[in-house]
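Going by this note's numbering, the letters in the sequence shown line up with residues 1270 to 1701, in that order. Since the structure comes first, as structure tokens, the remarks are kept for the end.
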Amino acid sequence: MKDSIGSKKSFIQDLFSEELYYNIKVREYIIGGVFAILVLFMVINLFIFADVGPNPEAARNTFIGLLVLLVIIVLRSFSVRKIIERKKKLVKKNIRRLRYINAILESTIPSVAIILLTFFLKPIVAVNSPAVFLYFIFIFISILDLEFKVCALAGFIAAIQYLFISLLFLDSYKEATELPIFVLPLSYIAKTVILLVSGFAAGGVAHHLKNKIVRSLETLQERNELEKIFGQQVSKEVVDEFINNKLEITSKKRNVSVMFLDIRNFSKFCEGKSPEEINKYQNEVLGFMIEEVNRNSGIVNQILGDGFMATFGAPVEYDNHTQNAVSAALQIVNELNKKNENGEILKTNIGIGIHTGEAFTGNVGTQDRQQYSITGNTVIMAARLEQLNKEFNSSVIVSKDVIEKIKGVKYSSLGNVNIKGFANPIEVYRLS
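What follows is the structure, encoded as structure tokens:
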């Protein structure tokens, strides 16, 4: 059990690390794209608006300084993408640490831009310029790290740095304006709080996305486990029932209905046929029959070449499993008759036996390869009933226990019959 749990956690961690690795690449594409657009915007400003205003030289120097910074960010993003692709194993190994380093470095970029602006503009203009909005871009992008702490750190770094820069030049603001909103520390503290809260908000979104991804990975793992146990003979509905209700496959006794189906004269058909022809015939005949079993909430435990064994009422328990087994059998017979009449398949006859009762259900095999097994007298009885179809020239034979649990089905008694392996004769019925 511990090995199974450990394997499941390892599987989820590996897939989650792959998701984080992909997200790091995506974030660099986003950063590169956003700042490439800003570079284009700055180039346009440099040629159109640089000479506007009382100090054209300062404006031009400001645009050039910011343009250089933006180009560096774009080149940095391009370089990081290349490194990530070349050093995939190293990046995935240190991916959790890299997320925090990225958060610190990227949240510092807007601070560098604001400080750069103070060399060309008055500090009050710099700390209230559009460069402040760059903080929000990086806080928003940190959501891709899928970690609340990383987003909160990005917001915290942005808030602390902005507060430090804005208060550093506070005394010079009074020289530029007397408006309280630009002079009072409270204005900058409020912006700091907004940056901090933005980090927490982004963290909340990241945490929600992370949980959804983990749940999706857990569902994928559960589906893989079920497929490993049941193969591909389980309907989507049965798998969904397991996952949605968090059911477990446990070994125990339970009441089930068992169906055995056999294709008549299969050995004779195979004489002189190539393996390809035999396989094609099996798929044509057994394919739609298995679909009917799945449609009636059953599972095919074994495909026997010339037939199969199916179970209703396990591994998912429900009350009307006997009715479902009979419905599946009758639908199979009706569909087979149509295909025979229309010439869709070679003339085929089948025999079906159904019995209901207590059986032992559970997994058999190793951890890597398990099979869901049904054992007990109920299984043996169903197999024996199927064989009786040859004697009575019938298609579907069921036990009295089955008749007592179904409604709306026509049947006729074949009397008491001695069953091989059972001491007492039992009454059996032919379904119309």
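Where is the CB? At the ideal position from N, CA and C, for every residue including glycine.
Coil, strand or helix - residue i by DSSP
i	result
residue 1535	helix
residue 1698	strand
residue 1396	coil
residue 1294	helix
residue 1415	coil
residue 1312	helix
residue 1270	The predicted model places residue 1270 with a pLDDT of 41, which falls under 50 and marks its position as unreliable, so this point remains unresolved.
residue 1643	strand
residue 1524	strand
residue 1365	helix
residue 1586	coil
residue 1627	strand
residue 1275	Unreliable placement is indicated for residue 1275, whose pLDDT of 46 sits below 50; the coordinate value is still reported in the next sentence. Residue state, collapsed to three classes: helix.
residue 1691	coil
residue 1530	strand
residue 1621	strand
Buried versus exposed, by CB contacts within 10 Å (16 or more), residue i
i	result
residue 1658	buried
residue 1644	exposed
residue 1701	exposed
residue 1431	buried
residue 1416	buried
residue 1485	exposed
residue 1534	exposed
residue 1681	exposed
residue 1355	exposed
residue 1437	exposed
Residue i: first and last residue of the uninterrupted alpha helix (DSSP H) it sits in
i	result
residue 1609	1590-1611
residue 1563	1544-1564
residue 1448	Element bounds for residue 1448: n/a, residue is neither H nor E.
residue 1405	1403-1410
Bounding residues of the beta strand (DSSP E) (the contiguous stretch that carries residue i)
i	result
residue 1577	1576-1581
residue 1681	1680-1686
residue 1568	1567-1572
residue 1665	1665-1668
| Hey, is the segment 1424-1434 in contact with the segment 1463-1472, meaning 3+ C-beta pairs nearer than 8 Å? | Under the Cβ criterion (8 Å, minimum of three pairs), the segment 1424-1434 counts as touching the segment 1463-1472.
| Contact the segment 1335-1349 vs the segment 1280-1287: 3+ CB pairs below 8 Å | no
| Validate contact between the segment 1595-1606 and the segment 1532-1543 using beta carbons, cut 8 Å, 3 pairs | no
| message | For the segment 1357-1368 against the segment 1389-1401, do three or more pairs of beta-carbon atoms, one drawn from each stretch, fall closer than 8 Å, so that the two count as touching? | response | Because the criterion of three Cβ pairs below 8 Å is not met, the segment 1357-1368 and the segment 1389-1401 do not touch.
| query | Can you find at least 3 beta carbon pairs, one from the segment 1604-1622 and one from the segment 1646-1661, that sit closer than 8 Å? | reply | yes
| task | Starting from the N-terminal side, write out each stretch of the alpha helix (DSSP H) that is 4 residues or longer and does not extend beyond the segment 1366-1390. | result | The alpha helix (DSSP H) runs of length 4 or more contained entirely in the segment 1366-1390 do not exist; there are none.
| task | Flag this pair as touching only if the segment 1580-1593 and the segment 1519-1529 have three or more C-beta atom pairs under 8 Å; answer yes or no. | result | Result yes; three or more Cβ-Cβ pairs closer than 8 Å.
| message | For the segment 1381-1391 against the segment 1326-1337, do three or more pairs of beta-carbon atoms, one drawn from each stretch, fall closer than 8 Å, so that the two count as touching? | response | yes
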